[in-house]
Every structure is written in structure tokens, then in C-alpha cells.
Amino acid sequence: MSKTIINVRHLCAGYNHNAIMEDLNFDIQSGEVFVILGGSGCGKSTVLKHMIGLVPPVSGQVFIHGEDITNARGKARKRLLAGIGVAFQNGALFGSMTVLENIMLPLMEFTDLPREAIEAIARVKLDLVDMGHALYLLPDELSGGMKKRAAIARAMALDPAILFLDEPSAGLDPLTSAELDRLILELAGALNITFVIVTHELESILTISDRVIMLGKKEKGIIAQGDPRKLKADPSNPYVYKFFNRNP
Amino acid sequence: MSELNIETVSRTTAMLFSGRLDAPGVARLWDTAVKTVKKTGRGKIRIDLESVDYMDMAGATFISHLSRLAGSTPAEQSNVVTGVKKEFAPLLDLSQKSKNEALSPPPKVSYIEKTGKDLTTSLEDAKMFITMVGEITAALFSCLKNPGRVRWADTWMVAERSGVNALPIVILISFIVGLVMAFQAAIPMRMFGAEIYVANLIGIAMVRELGPLMTAIVLAGRSASAFAAEIGTMKINEEIDALTVMGMEPIRFLIVPRVIAATLITPLLTVFSNLVGILGGMVVILSFGYPPISYYNQVVGFVSWEDLAGGLVKCFVFGLLIAATGCIRGYQTLRGPSAVGDATTRAVVSSIILIAVFDGIFSVIYFYLGI
Chain W
1 MSKTIINVRH
11 LCAGYNHNAI
21 MEDLNFDIQS
31 GEVFVILGGS
41 GCGKSTVLKH
51 MIGLVPPVSG
61 QVFIHGEDIT
71 NARGKARKRL
81 LAGIGVAFQN
91 GALFGSMTVL
101 ENIMLPLMEF
111 TDLPREAIEA
121 IARVKLDLVD
131 MGHALYLLPD
141 ELSGGMKKRA
151 AIARAMALDP
161 AILFLDEPSA
171 GLDPLTSAEL
181 DRLILELAGA
191 LNITFVIVTH
201 ELESILTISD
211 RVIMLGKKEK
221 GIIAQGDPRK
231 LKADPSNPYV
241 YKFFNRNP
Chain V
1 MSELNIETVS
11 RTTAMLFSGR
21 LDAPGVARLW
31 DTAVKTVKKT
41 GRGKIRIDLE
51 SVDYMDMAGA
61 TFISHLSRLA
71 GSTPAEQSNV
81 VTGVKKEFAP
91 LLDLSQKSKN
101 EALSPPPKVS
111 YIEKTGKDLT
121 TSLEDAKMFI
131 TMVGEITAAL
141 FSCLKNPGRV
151 RWADTWMVAE
161 RSGVNALPIV
171 ILISFIVGLV
181 MAFQAAIPMR
191 MFGAEIYVAN
201 LIGIAMVREL
211 GPLMTAIVLA
221 GRSASAFAAE
231 IGTMKINEEI
241 DALTVMGMEP
251 IRFLIVPRVI
261 AATLITPLLT
271 VFSNLVGILG
281 GMVVILSFGY
291 PPISYYNQVV
301 GFVSWEDLAG
311 GLVKCFVFGL
321 LIAATGCIRG
331 YQTLRGPSAV
341 GDATTRAVVS
351 SIILIAVFDG
361 IFSVIYFYLG
371 I
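For the record, the sequence lines run as chains W and V.
Taking the UniProt record's numbering, the leading residue of the first sequence gets 1, the next gets one more, and so forth.
Taking the UniProt record's numbering, the leading residue of the second sequence gets 1, the next gets one more, and so forth.
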């Protein structure tokens, strides 16, 4: 039986005291691929930013391994952040460094490993995401799909237990997107990483996710949750049914 | 806590790992383990993982690295690496599959090659700069013939941002320059009882040289950089491509309003700069007990209308240079996160160099014209 790794409690998501989501409560189990989905502008990425401690929420808490990341400061915050990896929507690779240097950076900053070891680990991580051929390229020379894969490799650099991915398939062609889905499943299986993914790419959701929550903009909360394949087949909630079946 | 025990039995060295093989554990054992494998040589190593409690990708990479050094291929790995627990097997498989170390860094470029490339880039840059100057000139003449084609709303907006908003900094700098110059000049001149002639010095220096120069340098730092950043960001966001494909000429649309605004605003700012600089000098002279009228008479009696006109003519050219250089550098922005920063730096540096060069040219011309 897998244990709960993230607990979100009474989270009001938003900026500057303006809540766009109210009283969100959900748990994420260790090793699962969990997807947060919803229509454009509903606040998915904001919820993700609260979960990774990047932006303080209006109110509420997010517990990672039982520790509240929204209120963590100093060493406690550093320890929590070292246990998670984040791949941002546009990759957010450092433009002045090669792909290899981007992956080596967190290892150099947070471990005492010798350089030879750091380079070997970084190369393995890049091979995992099939970027072994692009070690010495600059981010500027990469395609959108390559940037996202390199960003996942950098997020995995410190072997985090949880990987947060913001819109990993957005803007990719179907083949590259499918390749990325395969990679996520492979990593989740082999490395037992918990994935928290923000997306609204239906194909991806149905392929990779174990469980989803769907956020509603008008409702300012969770309007559906569970196995996405069951949600797709269940007409009891018309909006969710339409969303999953692309039927406006 | 990770540990490594080394035992040698019948010419085979057994490396017995125990504890946690994560990044801190690997960091502690890396040097010892690598040295042991290198010293022992190929085919005589056995890596035992039976007592390993935890392993992540750092640990798996470490073991794969050692087994590779020991000379084993992925197929032979089961002979070299033994006692692998079921939960760690997928990690070791993934790290063994990696084509680690297959790709070496690109070769370093030689000094001669680098110098050649830099020279080619500079020549290309100069060519593009000259071409753009030509295109801007043609666009300006075309707009002069048909003023309705100029985007006047944009022009006034740029004039306000680059001119009116720059007034406080121009005033501050000019006042301080006038004040400091008067003070420094007054000390030696006072020894000869000639401190009133500081007014002549300040008047002529501000009107002919320092007023135009200070204004131009402030505008180069403030407006040329702003133009380069604005147009550079537009280029990166493909807004310039959008203008082009919509059939609108980016030069007329973006550059001409900025050039017209800066060209008109620079002489106006210079007038303020001259006045405030002269006022700065007056503060010093007043502190020596002279009445304001004496200072005024000295300045007006010494500085001619020709001096003022000569200074203001320069300003038109400086304004043109600053705006054109800022816009061209912005237009030349390449891709990448540092591109806009590079364009901005180049805009300021190029503007200041051109201001200095053209100031020298004007001095020579005025000398021959007797101004």
C-alpha cells in the first residue's frame, strides 16, 4: 500500500489576497502520476506554484512528506526543495550554459561529489531523456521538445522523490508529446518518482495519469476527481463529460 | 551511511558496498573505489551490493561507472556486479544502458580562427550598420516628402519619454558640471584677480561643447538603450516579423518616429542644459561677492549667437546618431537570453563613440569656418 506523500489542506490559491481557487483539499500517493487539469486560466499553474513553495497561497497549507512547504523557512525549506524537482513550461534552462552544465549545476551546488562523478550522473540523466546527443548545445539551439526533456533531466538531477511538471506537452507535435508521455511512464516505473503534472492535453492525461483532479473556474474548486478514463465515460457531470470528450 | 570494504581472494578483488548509495554516500566512496578499480585492472574485480540498503540514480551511475572501468560490457555486468536487490535492478539497467562518455566536448577554437571569426563578424556588423543607416535615411526623406506617413502620435510619445522625462537628469548633471567647472577654474584665476572671467569660460564651454555633449551622453545612456531594448524585445517576440508580413515597413513604423523625436528633442534639452550649466557657474561667482548682473554681462558679452547656433547644430546630429544607433542595435538583436542586454550595451557604446567622433569632426569644421 503506497503512502501519502503530499497533502493539500484548505488551500486558497491566488495572488495578493485574491483567491481564484478556494478550499482545495486533496492527497497525492507516493509513486502515482497525478494530474491537475482544467480549462485555460482556471489557476492550475498557480496551484502548482503554491505546491512547490514558489508563491505563498492566500491561505491553507501544502504538506510534503508531512512538512508544510508554504510556511517553511531557511534550512527546512531548502531540505524540502531538495526533495522535489520542477520542470517549467518553457524549460527555464539557463541560456548561458550548455545542456550538460544545466544538469550539472544542482549537483555541483548541493552535493560533495567530485566533478567526474557529477558529469557521469548528468550524462546518465540526459541519456534517460534521450538527450545524450545534445550535451554541448546551448538551450537556444534546442527545439521545444528538447528543451522540455532537458528541463526534466535537470529536475531529476538530485534524484527527487517528486517531480512537478508544468504543461509538459504544450506546444509539442503529437509524436514528441507521445514520446514525452512514454518517458514519464518509464521514469515513474523505474525510479518510483511521484509525478504531479499540470496539463490540459487530453491524450496525455488518458495515457499517463493514475488520478486527476479537475479545477473549475466558476466553481473556484475541484469539480471532479478520480481515474480519468472513468471520468471520460461518466456523463453524470455534463461539463466534465464534455471536457473529456471534446464536445462543446 | 555508505561503506566500502575491499577483500582480495585468489587474485580477484571484491568490493563490498553497504549502507546508502545516494549522492552523499557516493561522494564519500568515489575516489577510493575508482582508484581501487584502476589499480586492480580489468577482469579482476567483483562489485558486491548485497548489503546496500538504498540506491538512487547517483548510486546506480557510480556502480555502472565502476563496472565500466572494470572492463565489463552491459552483458557481462551480472558477473562483475553481484548481490543486486530486486528493487535496484531497474536503476542499474537504466544507468548501464546510458551511452555515457560516448560524446566528447567540441574542440576549442584556436586563437587565429577566433580572431578571423571576430573580424568577419565586425565586417558583417559594419556592413549591416551602413545598410541600415541608408535605409533610415531613405525612409526619413520619404517621410519628409510626405509628412502624413509619419506616425506623429508615436513620435510625440517618444519625444515625451526621451525628452521631457529626461529633463530632470539633464538639468542635474549640467548644473553640477557648471558648478564644479566654475569652482575649479575660479581657484587659480582668483590668484590673478580674474575670477570674473570664469563667466566667460563657463559660457563658452557650456554653449559650444559641454551643453551639447552632456545632453547627448545622457540621451545615449537613457534613450539609445531604451530604443535598443524596446526594438530588441519586439524582434525576439516576432513583432517585427508580424509588421513585415502585414506589409508595414518596420523602419517607417518603429525607427522613423524615434529618430524624428530624438532629433527634435536633443537641441531643446541642450538649451536647458546650457542655461542650467551657466546658472551653476553663477552660483560660484555669486559666492565670491559679485552681483548677478556682472556675471550676466560677462556671459552675454563673450558668447556670440554663432557659438550658440554651432552648439545647437551639433545637437541635431547627435540626436540623429543616438536614435539611429539605438534602433539599429535593437534591430540587430539576435536570439538568446542575453541578446537584448548585448544590444543595449552595444547601443550605448556605439552612440558614445559616434558622439565623440562627430564632436571632433564638428570642431575641425567650425575651425575652418571660423566659428
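Note that CB positions come from ideal geometry on N, CA and C, so glycine has one too.
Computed from a predicted model, the values in this text were never measured in an experiment.
On the DSSP letters alone, give me the boundaries of the beta strand (DSSP E) that residue i sits inside.
{"i": "T12 (chain V)", "result": "T12 to L21"}
{"i": "Q225 (chain W)", "result": "G221 to G226"}
{"i": "L137 (chain W)", "result": "Unbroken run through L137 (chain W): none, as it is neither H nor E."}
{"i": "G216 (chain W)", "result": "R211 to G216"}
{"i": "G60 (chain W)", "result": "S59 to I64"}
{"i": "I196 (chain V)", "result": "Here I196 (chain V) belongs to no beta strand (DSSP E), and DSSP marks it neither H nor E."}
{"i": "L66 (chain V)", "result": "Unbroken run through L66 (chain V) is the alpha helix (DSSP H), M57 to L69; no beta strand (DSSP E)."}
For the alpha helix (DSSP H) containing residue i, list its first residue and its last residue.
{"i": "R115 (chain W)", "result": "R115 to L128"}
{"i": "E3 (chain V)", "result": "Looking at the DSSP string, E3 (chain V) is not in any alpha helix (DSSP H); the run it does join, the beta strand (DSSP E), is E3 to V9."}
{"i": "L80 (chain W)", "result": "G74 to A82"}
{"i": "F272 (chain V)", "result": "V256 to S287"}
{"i": "F318 (chain V)", "result": "W305 to Y331"}
{"i": "G134 (chain V)", "result": "Y111 to K145"}
{"i": "A229 (chain V)", "result": "S225 to I236"}
{"i": "F362 (chain V)", "result": "A339 to L369"}
{"i": "P107 (chain V)", "result": "No alpha helix (DSSP H) contains P107 (chain V), which DSSP labels as neither H nor E."}
{"i": "T98 (chain W)", "result": "Where T98 (chain W) is concerned, there is no enclosing alpha helix (DSSP H), given that its DSSP letter is neither H nor E."}
{"i": "F244 (chain W)", "result": "P238 to F244"}
{"i": "R151 (chain V)", "result": "No alpha helix (DSSP H) contains R151 (chain V), which DSSP labels as neither H nor E."}
Nearest CA to the CA of residue i: which residue from the options?
{"i": "A87 (chain W)", "options": "W:R246, W:M156 and W:H200", "result": "W:M156"}
{"i": "I176 (chain V)", "options": "V:I361, V:I187, V:I278 and V:D359", "result": "V:I278"}
{"i": "L191 (chain W)", "options": "V:V109, V:R258 and V:Y54", "result": "V:Y54"}
{"i": "V271 (chain V)", "options": "V:A27, V:A229 and V:G163", "result": "V:G163"}
{"i": "P114 (chain W)", "options": "V:T32, V:A229, V:V218 and V:T8", "result": "V:T32"}
{"i": "E22 (chain W)", "options": "W:P248, W:L215 and W:E32", "result": "W:L215"}
{"i": "E163 (chain W)", "options": "W:G14, W:A170, W:E32 and W:N7", "result": "Reading off the sequence shown, one finds Leu at residue 163 (chain W), where the question assumed Glu. It is W:E32."}
{"i": "V198 (chain V)", "options": "V:V109, V:E209, V:L210 and V:A185", "result": "V:A185"}
{"i": "S62 (chain V)", "options": "V:L369, V:F192 and V:L91", "result": "It is worth fixing the name first, because residue 62 (chain V) is Phe in this sequence and not Ser. Of V:L369, V:F192 and V:L91, the residue nearest in Cα terms is V:L91."}
{"i": "S174 (chain V)", "options": "V:R151, V:V207, V:M191 and V:I196", "result": "V:V207"}
{"i": "T46 (chain W)", "options": "W:D27, W:L105, W:N18 and W:D68", "result": "W:N18"}
{"i": "V300 (chain V)", "options": "V:I202, V:I45 and V:G247", "result": "V:I202"}
{"i": "M1 (chain V)", "options": "V:S10, V:D22, V:M15 and V:L16", "result": "V:D22"}
{"i": "I322 (chain V)", "options": "V:L254, V:I231 and V:A220", "result": "V:A220"}
{"i": "L24 (chain W)", "options": "W:K220, W:E179 and W:D181", "result": "W:K220"}
{"i": "E87 (chain V)", "options": "W:E179, W:S236, W:I197 and W:G189", "result": "W:G189"}
{"i": "P212 (chain V)", "options": "V:R151, V:K35, V:S98 and V:A356", "result": "V:A356"}
{"i": "K232 (chain W)", "options": "W:K218, W:N247 and W:I222", "result": "W:N247"}
{"i": "L128 (chain W)", "options": "V:R11, V:M57, V:K145 and V:A343", "result": "V:M57"}
{"i": "K218 (chain W)", "options": "W:L172, W:G43 and W:G91", "result": "W:G43"}
{"i": "I352 (chain V)", "options": "V:I371, V:M157, V:F192 and V:I217", "result": "V:I217"}
{"i": "P105 (chain V)", "options": "W:D68, W:L107, W:D130 and W:E119", "result": "W:E119"}
{"i": "L11 (chain W)", "options": "W:L80, W:L48 and W:Q29", "result": "W:L48"}
{"i": "N129 (chain V)", "options": "V:A242, V:C327, V:L167 and V:P107", "result": "Sequence inspection shows Phe at residue 129 (chain V); the Asn mentioned does not correspond to that position. Nearest option by C-alpha distance: V:C327."}
{"i": "G71 (chain V)", "options": "V:R46, V:D93 and V:R151", "result": "V:R46"}
{"i": "A182 (chain V)", "options": "V:I171, V:R222 and V:Y295", "result": "V:Y295"}
Who does residue i pair with in a DSSP beta bridge?
{"i": "L48 (chain V)", "result": "Looking at the sequence itself, residue 48 (chain V) is Asp, so the reference to Leu does not match. DSSP lists V:L16 and V:T82 as partners of D48 (chain V)."}
{"i": "I197 (chain W)", "result": "W:V35 and W:L165"}
{"i": "M21 (chain W)", "result": "W:A13"}
{"i": "Q29 (chain W)", "result": "W:T4"}
{"i": "Y54 (chain V)", "result": "V:R20"}
{"i": "A87 (chain W)", "result": "W:L165"}
{"i": "D68 (chain W)", "result": "W:F63"}
Contact set between the segment 217-229 of chain W and chain V, restricted to residues whose Cβ is under 9 Å from the partner: none
Three CB pairs or more closer than 8 Å across the segment 325-337 of chain V and the segment 225-243 of chain V: yes
Proximal residues, the segment 80-93 of chain V versus chain W, C-beta separation under 7 Å: P90 and L91
Contacting positions in the segment 114-130 of chain W - beta carbon closer than 8 Å to chain V: P114, E116, A117, A120, I121, R123, V124, K125, D127 and L128
Near-chain W residues of the segment 335-349 of chain V (beta-carbon distance less than 8 Å), N- to C-terminal order: R335, G336, P337 and S338
Stretch pair the segment 234-241 of chain W + the segment 55-62 of chain W: three plus CB contacts closer than 8 Å: no
Interface positions of the segment 7-31 of chain V facing chain W (Cβ-Cβ less than 9 Å), listed along the chain: D22, A23, P24, V26, A27, R28, W30 and D31
Where the segment 51-81 of chain W meets chain V: residues whose CB sits under 9 Å from a CB there: none
Residues of the segment 141-158 of chain W whose Cβ lies closer than 8 Å to any Cβ of chain V, in chain order: M156 and L158
Inter-stretch contact at 8 Å, needing at least 3 Cβ pairs: the segment 162-179 of chain W / the segment 136-154 of chain W: yes
Near-chain W residues of the segment 294-321 of chain V - C-beta to any C-beta below 8 Å: none
Residues of the segment 94-112 of chain W with Cβ closer than 7 Å to any Cβ of chain A, in chain order: In the structure shown, chain A cannot be found, because the protein chains are W and V.
Touching by the beta-carbon criterion (3+ pairs, under 8 Å), the segment 132-148 of chain W and the segment 99-107 of chain W: yes
Residues, ordered as in the chain, of the segment 188-201 of chain W that lie near chain V by beta-carbon distance below 9 Å: G189, A190, L191 and N192
Selection of the segment 3-26 of chain W by Cβ proximity to chain V, strictly under 8 Å: none
The segment 103-113 of chain W in contact with the segment 65-75 of chain W per 3-pair CB rule at 8 Å: no
At least three beta-carbon pairs within less than 8 Å, the segment 281-298 of chain V to the segment 238-257 of chain V: no
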